[in-house]
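Heads up, the thing below is written out as structure tokens.
Protein chains: 2
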Amino acid sequence: MKRERKRKVTIRDVADAVGVHHSTVSRALSPNKRDKISPAVVKKVEKAAKKLGYYRNIVASSLKQNRSFAVGVLIPDLMNPVFPPIIRGIQDTAEAVGYTVITANTDDEPEKERDALRMMQGRSIEGVIMATARREDPIVEECIEHDIPLVLVNRTVDREGVNAVILDENYGIRSVIDHLMSLKHTRIAHIAGPQHTSTGFQRAKAFSDYLSIHNMPTDLIEAANKFTIEEGRRAFRRLLARDNSFSAIVAGNDLLALGCMDAMRDVGLLVPENIAITGYDDILFLERMSPALTTVLVPKYEMGCQATKTLLGIIDGENKAPVVLRMQPRLIIRNSTAIASR
Amino acid sequence: MKRERKRKVTIRDVADAVGVHHSTVSRALSPNKRDKISPAVVKKVEKAAKKLGYYRNIVASSLKQNRSFAVGVLIPDLMNPVFPPIIRGIQDTAEAVGYTVITANTDDEPEKERDALRMMQGRSIEGVIMATARREDPIVEECIEHDIPLVLVNRTVDREGVNAVILDENYGIRSVIDHLMSLKHTRIAHIAGPQHTSTGFQRAKAFSDYLSIHNMPTDLIEAANKFTIEEGRRAFRRLLARDNSFSAIVAGNDLLALGCMDAMRDVGLLVPENIAITGYDDILFLERMSPALTTVLVPKYEMGCQATKTLLGIIDGENKAPVVLRMQPRLIIRNSTAIASR
DNA sequence: CTGAAAGCGCTTACAG
DNA sequence: CTGAAAGCGCTTACAG
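Residue numbers (my numbering), protein chains in the order written: chain Z, 79 to 420; chain S, 79 to 420.
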């Protein structure tokens, strides 16, 4: 037994109240058709609409116009602290121009990504923002094939021609290494993120490129399977089993760094006294941890805003050429890095 | 110049491909009408649908059925770490039964709440979950008036008869005070949350009730204006200006506690040596902070799930009587509480 | 079991 | 400036 829903007031109710045709009401209530209606009628319609508690049925409007004023967002997991600021940036920017955002968690499972995309297509979303891209990503291909406006955020794909708002990873990694070198570290290891993601891969590449330039050993790279605390811990253990000559670690992101620190605590290594460590992202509360993690600030909220602006531009037919925005990260020095002790 | 969108494949395309009427396709593709169609036809329709890449236009379907398979969620701010787990619980539960969730941030501004609700009504959401309730809340009244299925989560309103998934605040506060008393604290202060919220108010009431029972002074209550770090800091300063005889603080939530700790650091008070402090919520990373905050775990994800189940029950007409679910919090002892020193 | 028709609430090209 | 009509893509009561 379904609930009875109260019948909503429609454009026809307003029309009847004013004594005009409902198409006139539609025009009077539409910001960009309003000027075709006499001001007197507009006024009357607005008053009646307000009095009756009318609000436009976006569903009907969408169906007719074949646009939904909605965009979809694919993220791995809302509970990962990297994403809330990105989403908030997306929401604020989209809502400012009357768009609604629909978010789906995919848990990095391709099947969930596909399902989410289907759902969004069914809701006629006008575009999607993906924070879930792998370097080779069938979902990205699917969007392109289906001609769905798409902007990647944070992560990107290997192939060219896809809109993306990403980071200057070289700059980020270099600023971290410069900092570590200034503290006399000469054996620096890297706990990399998953190599099937652009962030994991590019940071590792930037790391090894930059160490090479400085004639430092680049063999101390261990890639984690996921960007999580637990996988950071595991990767650190693998690294340590292989080599213990390093005095500093550059982690692929903050969660990996936290995992490394957990692993160090397990084996009695002190941060930063024995080993210095850096993160990447600058997720919340890092400054309150013990020790406070030195990291690279990623402008998460702003990236969400930029990705949305880009997407809206594509939807409106403004952006023709694929746009790749590369944002500038910024080193934040805290207490997890200190002068090398060995 | 708007983009040209590729025409989507409709039920008619599938019908033509199979050589049946489109209403037959509609039925064949609808799980609960499928049995009215011969298995052979169903099979053919499904094959054709798959081949053509058909997916149901939920917008059109919603318009006709007058239900959208979407629910709305109102939260103050996604970036407040309390909310992501709640939302994830809502999303997981809703998506499991084919519902989409639309989230809006209201920043605790009544106007934004109203706008968000309008937007959601325009999208024909079938119900809303509110995490933004004030004790007297016009938006709640509006939902009831408009007959929109509504479930409050975390916070509730003073008036009876509104569905809500909340906490056993008495239990939470008592477990904290018991813990503090076991550590010999006799002058315990409370930095309360905003008194126009049920959580702020009920926790303060539980605090003062329970201290009274134990014949302890209940004058050390200072309410913050918002549940934020900054307002926690301010409230602590006000408290300290008034009285400095307390040895322990019960904060209205974790963010307030963090603000108190910041303020203590400013004036050289040590936690837990000089003053013990407890939080409420158990937001992420507390265990990594220095000192790690003793707190009351609120089952955030589960509350999101329960609120959604309740809402779905109302939508389906199962729950008639208003349901109030009171979840059990749980004390988590960490390093911010120790034996009283004065 | 299947088809033909009506209609959900809008928008918009076409008349006037 | 306004009205009448058609139609967006579905679903469903009514026939057969």
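By construction, the Cβ of each residue, glycine as well, lies at the ideal position given by its N, Cα and C atoms.
Here the structure is a predicted model, which means the values were calculated and not measured.
When C-beta distances to chain Z are compared with 9 angstroms, the residues of the region 152-181 of chain S below that value are Asp155, Leu156, Met157, Asn158, Pro159, Phe161, Pro162, Pro163, Ile165, Arg166, Gln169, Asp170, Glu173, Gly176, Thr178, Val179, Ile180 and Thr181, in chain order. Apart from sequence neighbours up to five positions away, the residues of its chain that approach Z:Gly131 with a beta-carbon distance below 8 angstroms are Val87, ordered along the chain. Annotation for Z:Val151: the continuous beta strand (DSSP E) segment containing it runs Ala148 to Ile153.
Pairwise C-beta distances place the region 271-278 of chain S out of contact with the region 253-263 of chain S, as fewer than three of them are shorter than 8 angstroms. By the beta-carbon neighbour count (other beta carbons within 10 angstroms, threshold 16), Z:Glu223 is exposed. The beta carbons of S:Thr184 and S:Thr210 sit closer together than 8 angstroms.
Residues of the region 350-375 of chain Z whose Cβ lies closer than 8 angstroms to any Cβ of chain S, in chain order: Leu362, Phe363, Arg366, Met367 and Ser368.
Take the alpha-carbon of Z:Ile115 and the one of S:Arg85: they are about 32 angstroms apart.
Residues of the region 122-141 of chain Z whose Cβ lies closer than 9 angstroms to any Cβ of chain S, in chain order: Gly131, Tyr133, Arg134, Asn135, Ile136, Val137, Ala138, Ser139, Ser140 and Leu141.
The beta carbon of Z:Gly239 sits no closer than 8 angstroms to any beta carbon of chain S. The beta carbon of Z:Leu362 is closer than 7 angstroms to those of Pro159 in its chain, skipping five residues each way along the sequence. Z:Met294 and Z:Asp287 have their C-alpha atoms roughly 10 angstroms apart.
With distances taken between CA atoms, Z:Ala118 lies nearest to Z:Gly97 out of Z:Val401, Z:Glu214, Z:Ile393 and Z:Gly97.
S:Met294 sits in coil when the DSSP states are folded into three classes, being neither helix nor strand.
Around the beta-carbon of S:Arg90, fewer than 16 other beta-carbon atoms lie within 10 Å, marking it exposed. In this structure Z:Pro162 is in contact with S:Leu156, their Cβ atoms being roughly 5 angstroms apart against a cut-off of 8 angstroms.
Against chain S, the CB of Z:Ser146 has a partner CB under 8 angstroms away; the residue lies at that interface. Closest by C-alpha distance to S:Val374, out of S:Val349, S:Ser414, S:Ser368 and S:Asp344, is S:Ser414. Within chain Z, the residues whose beta carbon sits less than 7 angstroms from that of S:Met197 are Thr178, listed in sequence order. Contact annotation, S:Val149 with S:Ile207: C-beta distance approximately 7 angstroms; criterion of less than 8 angstroms satisfied. Scanning its chain for C-beta atoms nearer than 8 angstroms, with the 5 sequence neighbours on each side dropped, one finds around Z:Leu289 the residues Ile255, Ile266, Pro295 and Thr296, in chain order. Contact between S:Asn248 and S:Ala284 holds: CB atoms are separated by about 5 angstroms, below the 8 angstroms threshold. Under the three-state reduction of DSSP output, Z:Leu318 falls in the helix class. In this structure, the alpha-carbon of S:Gln406 lies about 8 angstroms from that of S:Gly250. Residue state for Z:Ala326 is assigned as strand, using DSSP reduced to three classes. Unbroken alpha helix (DSSP H) stretches of 4 residues or longer found wholly inside the region 121-191 of chain S: 136-143 and 161-174, given in chain order.
In the same chain as S:Ala341, and ignoring 5 residues on each side of it, the C-beta atoms closer than 6 angstroms to its own belong to Arg311, Phe314 and Arg315, in chain order. For the pair S:Pro369 and Z:Arg233, the Cα-to-Cα distance works out to about 35 angstroms. A distance below 8 angstroms between beta-carbons, with the five flanking residues on each side excluded, links S:Ser104 to the following residues of its chain, in chain order: Ile89 and Lys111.
Only Arg196, Met197, Gln199, Gly200, Arg201 and Ser202 from the region 195-221 of chain S bring a Cβ to less than 7 angstroms from some Cβ of chain Z.
Listed along chain Z, no residue sits closer than 7 angstroms to S:Asn293 by beta-carbon distance, the nearest being about 36 angstroms off. Listed in chain order, the non-local C-beta contacts of Z:Ala95 below 8 angstroms within the same chain comprise Ala126, Lys129 and Leu130, local neighbours out to five positions each way being set aside. Secondary structure at S:Leu409: strand, using DSSP grouped into helix, strand and coil. Within the region 321-355 of chain S, the residues whose Cβ lies closer than 8 angstroms to some Cβ of chain Z are Leu336, listed in chain order.
Around the Cβ of Z:Ala385, a 10 Å sphere holds 16 or more other Cβ atoms; the residue is buried. Only exposed fits Z:Ala319, as fewer than 16 other CB atoms lie within 10 angstroms of its CB.
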